[in-house]
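S.K.: One structure coming up, written as structure tokens, with questions to follow.
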Amino acid sequence: MKKTDSELQRDTIDELRWDPRVGTAEIGVAVKDGVVTLTGIVESYAKRFGAIRAAERVAGVKAIADDLIVKLPSSLARSDTEIAHVAVDALKWNVEVPDDRIKVRVDDGWLILEGDVDWQFEREAAASCVRHLTGVRGVSNKIIIKARAFAPDVRRRIQDALKRSAEVDSKRISVETADGKVTLRGSVRSWTERQDAERAAWSAPGVTSVDDQIAIRIPVTAA
139 MKKTDSELQR DTIDELRWDP RVGTAEIGVA VKDGVVTLTG IVESYAKRFG AIRAAERVAG
199 VKAIADDLIV KLPSSLARSD TEIAHVAVDA LKWNVEVPDD RIKVRVDDGW LILEGDVDWQ
259 FEREAAASCV RHLTGVRGVS NKIIIKARAF APDVRRRIQD ALKRSAEVDS KRISVETADG
319 KVTLRGSVRS WTERQDAERA AWSAPGVTSV DDQIAIRIPV TAA
């Protein structure tokens with residue numbers, strides 16, 4: 139049965155409290171037509187990111203508006219130089235990150251990643267390993283996927299990957315491919331299913347961008 143906005147609000151608040159990475163934060167939750175808006179002040183970018191992920195896990199959420207503000211306590215404040223040095227070391231120690239191809243800039247605690255990699259998982263790994271560093275107020279991931287030969291059967295490979303996924307109803311998703319770009323359309327039942335479909339698309343060789351137009355539609359069952 140489709141949840142009401144008040145039920146979604148209650149479930150989102152409960153999920154935020156349930157997650158130990160977020161639970162102590164004072165976060166406001168408003169819901170309208172299935173769209174969740176998060177407001178308030180958190181003490182780290184990691185906690186802000188965790189709050190968004192917690193809201194995404196709630197069944198029935200169609201979209202999330204992030205109005206959270208990161209305000210670091212004085213004990214967590216670091217200079218941009220300190221953050222830059224630690225970020226470079228973190229990238230170097232992560233085996234999934236080609237650190238020699240990534241540049242780091244820091245502006246008032248906001249960390250910017252630039253460069254190019256071969257795979258989306260490398261791009262995600264780079265952002266993940268700096269997201270939790272002390273003093274970071276936010277992360278802008280400007281790393282691009284380096285263009286490679288686009289496999290002629292990439293559409294079929296992505297469709298096969300969707301069929302193998304236990305979380306994705308592949309019959310409800312269409313796949314279009316052109317010059318390294320993949321466009322996904324259709325509908326799924328949750329954020330998790332949508333993310334799994336996008337992950338499958340990124341895993342195909344030669345993919346440089348994914349336009350995820352999949353809608354989240356909550357099935358309505360008779361009372």
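Okay, so the sequence shown: first residue is 139 according to the numbering used here, each after it adds one.
Glycine residues also receive a C-beta, built at the ideal position from the N, C-alpha and C atoms.
None of these values were measured; they are calculated from a predicted model.
From the DSSP secondary-structure annotation, give me the bridge partner or partners of V313.
M.R.: L322
S.K.: Okay, do the region 189-207 and the region 241-259 touch, 3+ Cβ pairs below 8 Å being the bar?
M.R.: no
S.K.: Any contact between the region 251-260 and the region 293-310? By contact I mean 3 or more CB pairs, one from each, below 8 Å.
M.R.: no
S.K.: Answer with buried or exposed for T219, where buried requires no fewer than 16 other C-beta atoms within 10 angstroms of its C-beta.
M.R.: Under this definition T219 is an exposed residue.
S.K.: Reducing DSSP to helix, strand and coil, say where T330 ends up.
M.R.: helix
S.K.: Closest to D245 by CA distance: which of S213, S278, P343 and S308 is it?
M.R.: Nearest of S213, S278, P343 and S308 to D245, Cα basis: S278.
S.K.: DSSP has R243 in a bridge; who is on the other side?
M.R.: I250
S.K.: Can you tell me which of I179, D171, R239 and G324 puts its alpha carbon nearest to the alpha carbon of P211?
M.R.: I179
S.K.: Taking the alpha carbon of L176 as the reference point, which residue from Q147, S182 and D350 has its own alpha carbon closest?
M.R.: Q147
S.K.: To which residues of the same chain is A163 closer than 6 Å at the C-beta, ignoring the five residues directly before and after it?
M.R.: V180 and K185
S.K.: State buried or exposed for W329, treating a residue as buried only when at least 16 other CB atoms are found within 10 Å of its CB.
M.R.: Buried, by the Cβ-count rule.
S.K.: CA-CA distance, A342 and R295?
M.R.: 7 Å
S.K.: May I ask you to list the residues that DSSP assigns as paired with K170?
M.R.: V173
S.K.: Would you give the residue range spanned by the beta strand (DSSP E) that S347 belongs to?
M.R.: S347 to D350
S.K.: On the three-state DSSP scale, how would you describe A304?
M.R.: coil
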